[in-house]
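K.L.:
Read left to right, the sequence shown gives residues 6 to 259 (this note's numbering). This is the structure, below, for whatever I ask next.
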Amino acid sequence: MAVPASTPATTPVTVVTGGSRGIGAATCLRLAADGHHLALGYVHDTVAAEATAAKVRAAGGRCVTVRVDTSEEADVDRLFDRARAELGTVTGLVNNAGVTGPLGRLADARTEDLRRVLDVNLLGYLLCCRRAARDMAASGGGAIVNVSSAAATLGAPGDYVHYAASKAGTDALTVGLSKELGADGIRVNAVAPGIIDTDMHAAMGDPDRAARSGPGIPLGRPGRPGEVAAAIAWLLSADASYTTGTVLRVSGGR
6 MAVPASTPAT TPVTVVTGGS RGIGAATCLR LAADGHHLAL GYVHDTVAAE
56 ATAAKVRAAG GRCVTVRVDT SEEADVDRLF DRARAELGTV TGLVNNAGVT
106 GPLGRLADAR TEDLRRVLDV NLLGYLLCCR RAARDMAASG GGAIVNVSSA
156 AATLGAPGDY VHYAASKAGT DALTVGLSKE LGADGIRVNA VAPGIIDTDM
206 HAAMGDPDRA ARSGPGIPLG RPGRPGEVAA AIAWLLSADA SYTTGTVLRV
256 SGGR
């Protein structure tokens, strides 16, 4: 949905991929409350994306929704082009779009599922980071937050080691790119959520997974999307102005 008019230079303009549900939607709402305008990328659910956008606007932010497959270069460019044309200079990126594939052992995984996980979770992050780096360097700086996972260090055996591997790649991307872009005034960080109570678990084939997880988590419960969104918002904010190359774990102690 197009939103006319320009954005003042002092207003943060942030691209959020996977913004229609879960952590992405919570992040959009938190950033709107913090004064951001949003370009919300989503892949399938137009109704959910527009519902989130309506809440962003109700909170005082402007929002453009863009249907995008982040593993496709042309789609990524279209997302950033729309953000710039309709909201103004992009100052932030939240790389959140991700897939897991079905739960199970690697030996039982289908090649097409492995390929899709790597295409979205790693290639998609690389494409979005590359475009953000080009735009932010040209405009004087910005901030990138990649959504990783505690699985990157836990390995997720029996669940999705391929997903864990893609998130370990996210961590390496975050550290390396932060060093590469520091001189351009661009900060690059990541958050690594643990088990968060979202509908991702149902999509993996185990809707009760988060509810069962409490006894194995030091804080005794799964996380909430808003708790991850708060960490993302901090990393994008001026309060984190000397923070880059950090992977901030938001996992209840796991």
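The beta carbon of each residue, even a glycine, is placed where N, CA and C say it ideally should be.
1) In angstroms with no decimal places, state the Cα-to-Cα distance between G109 and L159.
2) How close, in whole Å, do the beta carbons of I222 and I28 come, if the pair is a contact with beta carbons under 8 Å?
3) Run through the DSSP bridge pairs and tell me what T19 is partnered with.
4) For V122, which residues from the same chain have a beta carbon less than 6 Å from its beta carbon, with the 5 sequence-adjacent residues on both sides left out?
5) Going by the beta-carbon positions, is the gap between R83 and V73 smaller than 8 Å?
6) Grouping DSSP H, G and I as helix and E and B as strand, with all else coil, what is P223?
7) Any idea which residues DSSP pairs C68 with across the strands?
8) Which word fits H49, buried or exposed, when buried means at least 16 other C-beta atoms lie within 10 angstroms of its C-beta?
9) Taking the C-alpha atoms as reference points, what is the distance between T16 and G97?
10) Am I right that G23 and A102 are in contact with their C-beta atoms under 8 Å? What's the rounded C-beta distance?
11) Using only the alpha-carbon positions, how far apart do A128 and D86 sit?
12) Using a Cβ-Cβ cutoff of less than 7 Å, which residues in the same chain neighbour S144 once the five nearest sequence positions on both sides are dropped?
13) Using 8 Å as the threshold, is the stretch 173-183 in touch with the stretch 136-154, meaning 3 or more CB pairs across them?
14) What's the call for E1, buried or exposed, on a 16-neighbour Cβ count within 10 Å?
15) Which residues in the same chain have their Cβ closer than 8 Å to the Cβ of D189, if we skip the five residues on either side of it in sequence?
16) Considering only the alpha carbon of each residue, which of L36, A238, L186, R26 lies closest to V61?
17) Answer with buried or exposed for T51, where buried requires no fewer than 16 other C-beta atoms within 10 angstroms of its C-beta.
18) Using the Cα positions of H41 and Y165, report the straight-line distance between them to the nearest angstrom.
P.N.:
Answer, in terms of the structure:
1) As a first step, residue 109 is located in the sequence shown; it is residue number 104 there, counting from the start. As a first step, residue 159 is located in the sequence shown; it is residue number 154 there, counting from the start. Distance between the alpha carbons of G109 and L159: 15 Å.
2) For the purposes of this step, residue 222 is taken as the residue at position 217 of the sequence shown. For the purposes of this step, residue 28 is taken as the residue at position 23 of the sequence shown. Not confirmed; about 17 Å, so no contact.
3) The sequence position of residue 19 within the sequence shown is 14, counting from 1. Note: T19 sits in a beta bridge opposite L43, G97.
4) Stepping through the sequence shown from its first residue, residue 122 is reached at position 117. Closer than 6 Å at the Cβ level, and outside the excluded window around V122, lie V104, G106, H167, Y168, S171.
5) Position 78 of the sequence shown, counted from the start, is the residue given in the question as residue 83. Position 68 of the sequence shown, counted from the start, is the residue given in the question as residue 73. For R83 and V73, yes; Cβs fall inside 8 Å.
6) Locating residue 223 in the sequence shown gives position 218, counting from the first residue. Residue state, collapsed to three classes: coil.
7) In the sequence shown, counting from the first residue as 1, residue 68 sits at position 63. DSSP lists L43 as partners of C68.
8) Numbered from its first residue, the sequence shown carries residue 49 at position 44. Label assigned to H49: exposed.
9) The sequence position of residue 16 within the sequence shown is 11, counting from 1. The sequence position of residue 97 within the sequence shown is 92, counting from 1. In a straight line, the C-alpha of T16 is about 11 Å away from that of G97.
10) Numbered from its first residue, the sequence shown carries residue 23 at position 18. Numbered from its first residue, the sequence shown carries residue 102 at position 97. Contact holds; Cβ gap of about 3 Å.
11) On the sequence shown, position 123 is the one that residue 128 refers to. On the sequence shown, position 81 is the one that residue 86 refers to. Residue 128 is actually Leu in this sequence, not Ala. Answer to the nearest angstrom: the Cα atoms are 19 Å apart.
12) As a working mapping, residue 144 is identified with position 139 in the sequence shown. Once the five neighbours on either side are set aside, the close Cβ partners of S144 are T94.
13) yes
14) This structure cannot speak to residue 1, because the chain is shown only from 6 to 259.
15) Sequence index remark: in the sequence shown, residue 189 carries index 184 (1-based). Cβ neighbours of D189 beyond the five flanking positions: A138, M141, A142, G146.
16) On the sequence shown, position 56 is the one that residue 61 refers to. Checking every option, the nearest Cα to that of V61 belongs to L36.
17) Here residue 51 refers to the residue found at position 46 when the sequence shown is read from its first residue. It is exposed - the Cβ of T51 has fewer than 16 other Cβ atoms within 10 Å.
18) Locating residue 41 in the sequence shown gives position 36, counting from the first residue. Locating residue 165 in the sequence shown gives position 160, counting from the first residue. Rounded to the nearest angstrom, the two C-alpha atoms are 34 Å apart.
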